Amino acid sequence: MTSRPASFWRLGGGWYLALLLILACFGAALFLDTATLEIRRDLARLALGDRLAELDGARREAVVARQLLRDANVQPNQGAYLVVSITDRRIWYKERGSVLFTTGIATGSGKTLVKEEGDRFWKFDTPRGRLSVTSKELDPWWVPPDWFYLEHARTKRLALLHLSRRKPLALADGSLLKVEGADVVRRYPDGERVVLQASEEKDIVVNGKLLVPPLGTNQRRFDKVLGSHRLNLESGYALHGTNRPETIGQAVSHGCVRLTNEDIAKLYQMVPVGTPVFLY
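Residue numbers (the working numbering): 23 to 302.
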């Protein structure tokens with residue numbers, strides 16, 4: 023008596039099985055192609071969503087810019103004012119329809135820097151809107167914000183070390199890092215006292231970490247960084263000079279408007295406190 027499996031193979035069962043395997047492979051390939059197409063479609067939708075969001079943001083900025091231009095155009099009846107074009111990187115000082123002064127500027131880079139916590143960031147844009155000149159300074163000092171130290175630390179691949187006024191730091195060699203008066207000093211076990219030095223180019227590195235001096239100390243006040251003059255605006259922004267005149271005409275600042283020292287000196291003499299500033 024012939025077994026059933028033998029009869030199956032003698033009647034061409036092998037061909038049926040092969041056909042089923044081919045159909046299964048074809049179905050799997052078709053499934054993978056379909057899944058791939060769906061993934062690509064979903065990715066395309068996400069990309070389109072991002073582009074639409076960017077486009078919507080650009081449209082809003084364009085509306086703001088047009089409104090600012092309209093506001094600036096009606097200023098001739100209201101005295102002198104400043105107009106800053108972030109796109110053209112140019113500034114105009116106008117009075118009653120006449121251009122009294124104009125020159126090139128440097129503006130915000132538009133870059134972002136993620137903070138130490140990792141869930142927040144700084145955005146280095148020159149703001150758009152209407153501000154005003156709140157005060158003026160000769161030979162201004164620059165007090166570097168926290169982002170300055172974070173940028174330098176990441177460039178040098180170092181961790182940050184925050185110094186508190188109330189809590190000295192014990193260092194590996196037995197010395198003590200502390201604030202005395204307006205200075206950050208290093209006290210050695212033998213009584214030697216060294217006042218630490220810092221500048222825009224010179225960081226303080228201790229125990230392999232980049233030190234963040236407390237606000238109000240001399241080690242957190244840099245000279246010559248902001249040029250010879252500064253016109254302060256609201257929200258911490260300003261029009262100021264620079265020790266890097268080669269950057270004028272570029273989008274390189276952290277939000278403020280830079281001018282050459284010669285140009286900011288002219289504006290300093292011409293522009294009174296309270297002058298409106300239109301940034302678009």
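In this text, a Cβ means the ideal position worked out from N, Cα and C, and glycines have one as well.
No experiment lies behind these values; they were computed from the predicted model shown.
Neighbourhood of residue i by C-beta, 7 Å cutoff - its chain only, sequence neighbours within 5 removed
i    : result
N265 : K246, V247, G249
Y171 : L182, L232, V234
K288 : F123
P267 : T282
T239 : V201, A204, D205, V206
P190 : L198, L199, K200
R215 : V207, R209
C-alpha distance - residue i paired with residue j, whole-angstrom precision
i    : j    : result
T269 : H262 : 13 Å
V206 : W163 : 18 Å
Y103 : H184 : 42 Å
V105 : K133 : 23 Å
R118 : S154 : 17 Å
R150 : S107 : 9 Å
S157 : R176 : 34 Å
T282 : T297 : 20 Å
Q291 : W114 : 15 Å
F300 : D285 : 18 Å
Y302 : T148 : 9 Å
V217 : L198 : 12 Å
E256 : G196 : 45 Å
D141 : L180 : 20 Å
L193 : K224 : 20 Å
G101 : V165 : 33 Å
V121 : A128 : 20 Å
A273 : R112 : 11 Å
H251 : P211 : 43 Å
A75  : I226 : At A75 the pLDDT is 44, less than 50, meaning the model places this residue with poor confidence and gives no usable figure here.
G230 : K178 : 11 Å
R152 : G213 : 55 Å
G258 : E139 : 23 Å
Closest by C-alpha distance to residue i, when choosing among the options
i    : options                : result
D161 : L253, S275, V299, G258 : L253
P294 : I108, N283, T282, K116 : K116
H276 : G126, R188, T124, P167 : P167
H174 : G296, T124, S120, K137 : K137
T109 : G126, V121, S120       : G126
V228 : R208, R152, G271, E139 : R208
Contacting residues, own chain, Cβ-Cβ under 6 Å from residue i (five flanking each side not counted)
i    : result
W144 : L135, W169
F146 : G130, S131, K133, H276, G277
E222 : F244, V247
G271 : R111, G126
Rounded Cβ spacing between residue i and residue j (contact assumed at less than 8 Å)
i    : j    : result
A260 : Q241 : A260 to Q241, Cβ: 22 Å. No contact.
R187 : P236 : 5 Å
4-residue-minimum alpha helix (DSSP H) runs that sit fully inside the stretch 217-298, ordered along the chain: 283-292
Complete runs of the beta strand (DSSP E) confined to the stretch 138-219 [at least 3 residues]: 143-145, 151-154, 157-160, 181-184, 198-202, 205-209, 215-217
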